[in-house]
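Numbering (this note's numbering), first residue to last: 64 to 1061. Quick reminder that beta carbons are idealized off the backbone N, C-alpha and C, glycines included.
Below is the structure:
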């Protein structure tokens, strides 16, 4: 068979080169073709075999040919050798450098027998000239020779292991266990070399090496950092911790540990092994490299974080003083298995879950086997968390290896049987793929390559011989999706089995275990949560079936929210309202975005949850646009509903229902779609415009009918004031208004005034009737003479008052007056009246400027509520809304007569106009705008979270975390939010000091 095409059909890429290479093999060529072709990379395997022949011939004439003859005659040896040469250029290089090691692969027991851990240890120690049976083995070879011998022996044993893995389809957990045994033996041999370097001083300290991470868990990769912790004790009993006043034992232990780490990681002519990482020790890289048992205990009892106990879950003594290592593990075990009871465990767990996907370079995220979504870390974290939660009461779960622990969790009912089996399959595949990637060059990497040649080699190494790159990609993506899907359900599906009487003989999570798990995942009242789950999933109806499908994912989304309990309770109440509605559960099941948005809203915002409970149909809105409606669109809908209503009460109830739905739209838009704070204020203001316009029409008609009039006795307009007039309403704001009227032709002024007053009273009554929507408080107290003045006035009455009696604060209040509802001609006339008053051509006088400042100082001193923190009060605090708005309004009163852009009721446009006119520095204007926007966002967020207005940054940790999340901060960043708030408002206050007061 010499045709290049026939070689290509066998699996070679370069058929011509393959034909030439096989010919160079001589008589052994033809028998070896099929074996070479079965390897991961037949071309590389053939090239490596030719290099090995040359290396053997270089040692002894004819040795290469003899090797070929033996290999061709022994199918097992041929299979092992070709598998290694085709999968690993690093081990090929080792064979070329040490060609005599090919004979290791002739061992017929490799296919069926695993070398015992003690035998591997003895081989590694013997390689460096140490006595494996000595209590403290010391290397006998010269130092440089011992270090090189360590590397050579390590790769000799690794070569045997890799050949078993590749040719005899070793299971991934068996391969990982053998790699861990080899690492432990290597650490022991390195310690023997370290003792040799120290000489007699090494005898002053007993040192134990505790493996952590994958090595500790007996699941090491082909190439990985080996995580360790060092524990020591002075060799002589009764001495102080340092082994004497001069700390001899401490120095000796530190030196041995340091030497051990360098011996493994240094590069020599025989290469390197792997880095030894001791950063999981107490205090990390800032802490001492070695500690005594007592020092470790003191740290773990007082200072350790949850993640440190998670790391200790895999702690295992692997080298050095075994008795000391055993005592260390016995000491930490009770702390590990009680970690779930520690204060702050839930917050720590949530923070650890967030770190799963952190620090992944963007260009690697989609090809990361370890850290990417659906990767190895997802499985490992999930299994470890379940072990920490349930292992305290079930010792059978205290396994170090992920797959072993997963099997125990499945057997115990802590993980669903089917889920456990699928997760086992997916994790095994991902680990096998990781092994093949690393084995190629013995480099630490967890990223799936994207070039065709590498994908082809990896696919073939895993048994995909037909279109290997495509088959590998398909299988990898499938398992990744499975991990993502199962990871979402893993914590939660068994919870349903604990409360729902599901068919099947599968082991179920006990109620006590279910409570422990819910508590660990952030539920403050796990018993209540279980009651909600039972209510949602009980029965055999289609509704219960869909709920059992939805809840595992929803429960995770709730757990990621600031208030999981509120989220689940809200979901139960809405489900009870809508559960029999055909579209509700189907929409949640089939439209993932709607379900996720619902979970976020319910677990974050009491305000939006209350609206949803009053308007359950609003769930549909979560699948629609969340942009606020225009006033015209809202008014048109309200008017259409009013026309069909039979009574004023039912008409305004319909108006208020539209308002309730649109409040929900705006709130959800801010919560899940990031609607800008200015658009929120405009949306709320426009919605109030439409509500008042529609209600005013209903009230006018109601009073007309009640009085038996043929036509209204007066025309009425509504003037928005304050933040309402400034288009800056927040969720809990009252509607500050004034009313202006004009008698109808032929109507006496007193009768017209009585009619207008009755209409205003009816508007306020209808909008304050008990109903299922948030009330709209219509507050007219900013009218002339305040509560003592008439409720309505004519334009002429307003003109007379402002000409004779008004004060500068009333001119300031008029800056935000905006005629928004009612008779359009009356609105225009009122605006024409007040414009010269609020925007005087030459600005207000200096005495008025002094008066404005005096009033501001009084407000600052007297209006702040008792017990409020001036640093974090949103309205009256340092750099808060009042600071910014008073500063802008003073600039308007002084300069709007000359600067047309200042003639606006809105804060931010006025601030921009002031900067463009040179009245305030651009940087100062930007600082004030940033503070105003941030404080307004915080104010909205506080109302959304608490369900009612509150002008103080929350002190409650959960509420503060929820506010931070609404503002777009990641979980766990509430302190960052507070710091940003304080910094921003501090800078704004400094601007106010020199712009407003100087």
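- By a beta-carbon distance limit of 8 Å, residue 505 contacts residue 286. Their separation comes to about 5 Å.
- Looking at the DSSP output, residue 546 bridges to nothing.
- Here residue 627 is not bridged, per DSSP, to any residue.
- Within the region 997-1049, the complete alpha helix (DSSP H) segments at least 4 residues long are 1020-1029, listed from N- to C-terminus.
- Excluding the 5 residues flanking it on each side, residue 660 has same chain C-beta neighbours closer than 6 Å at 685 and 735, in chain order.
- DSSP, read as helix, strand or coil, puts residue 382 in strand.
- Beta-bridge annotation (DSSP): residue 245 is not paired with any residue.
- In the structure shown, the three-state DSSP call for residue 292 is strand.
- Within the same chain, and ignoring the five residues on either side of residue 1031 in sequence, no residue has its Cβ closer than 6 Å to its Cβ.
- For the pair residue 242 and residue 184, the Cα-to-Cα distance works out to about 12 Å.
- Contact between residue 221 and residue 245 holds, with the beta-carbon distance rounding to 7 Å and staying under 8 Å.
- Apart from the 5 residues on each side of it in sequence, residue 1003 sits with its Cβ closer than 7 Å to the Cβ of 733, 740, 743, 793 and 794 in its chain, given in chain order.
- Distance between residue 103 and residue 340, taken at the CA atoms: about 32 Å.
- Shown here, residue 854 sits in coil according to DSSP, grouped into three states, outside any helix or strand.
- Distance from the Cα of residue 379 is smallest, within the candidate group 370, 348, 299 and 281, for 281.
- For residue 499, the enclosing alpha helix (DSSP H) stretches over residues 480-504.
- Judged by their CB atoms, residue 91 and residue 147 are not nearer to each other than the 8 Å cut-off.
- Residue 1017 is a Cβ neighbour of residue 1005, given a cutoff of 8 Å.
- By the beta-carbon neighbour count (other beta carbons within 10 angstroms, threshold 16), residue 537 is exposed.
- Of all C-beta pairs linking the region 756-765 to the region 693-711, three or more are shorter than 8 Å, placing the two stretches in contact.
- A direct Cα-Cα distance of roughly 37 Å separates residue 770 from residue 791.
- Within the same chain, Cβ atoms closer than 8 Å to the Cβ of residue 593 are found at 558, 561, 562, 574, 577, 578 and 581, the five residues on either side in sequence being excluded.
- With contact defined as three or more Cβ pairs closer than 8 Å, the region 841-858 and the region 794-806 are in contact.
- It is roughly 25 Å from the alpha-carbon of residue 675 to the alpha-carbon of residue 827.
- In the displayed model, residue 805 falls within a strand according to three-state DSSP.
- In the DSSP assignment, residue 891 falls within the alpha helix (DSSP H) that extends over 887-901.
- Residue pairing by DSSP places residue 779 opposite 804 in a beta bridge.
- With fewer than 16 other beta carbons inside 10 angstroms of its own, residue 66 counts as exposed.
- Scanning its chain for C-beta atoms nearer than 6 Å, with the 5 sequence neighbours on each side dropped, one finds around residue 977 the residues 954 and 983, in chain order.
- Distances from the CA of residue 913 to each of 956, 277 and 886 were compared; the closest alpha carbon is that of 956.
- Looking from the CA of residue 229, the closest CA among 172, 682, 502 and 202 belongs to 502.
- Taking the CA atoms as reference points, residue 520 sits about 8 Å from residue 531.
- Taking the CA atoms as reference points, residue 1042 sits about 25 Å from residue 585.
- Taking the Cα of residue 992 as reference, the smallest distance to any Cα among 326, 253 and 969 is reached at 969.
- Inter-residue distance for residue 319 and residue 257 is about 5 Å (C-alpha atoms, whole angstroms).
- Of the other Cβ atoms in all chains shown, fewer than 16 fall within 10 Å of the Cβ of residue 832; this residue is therefore exposed.
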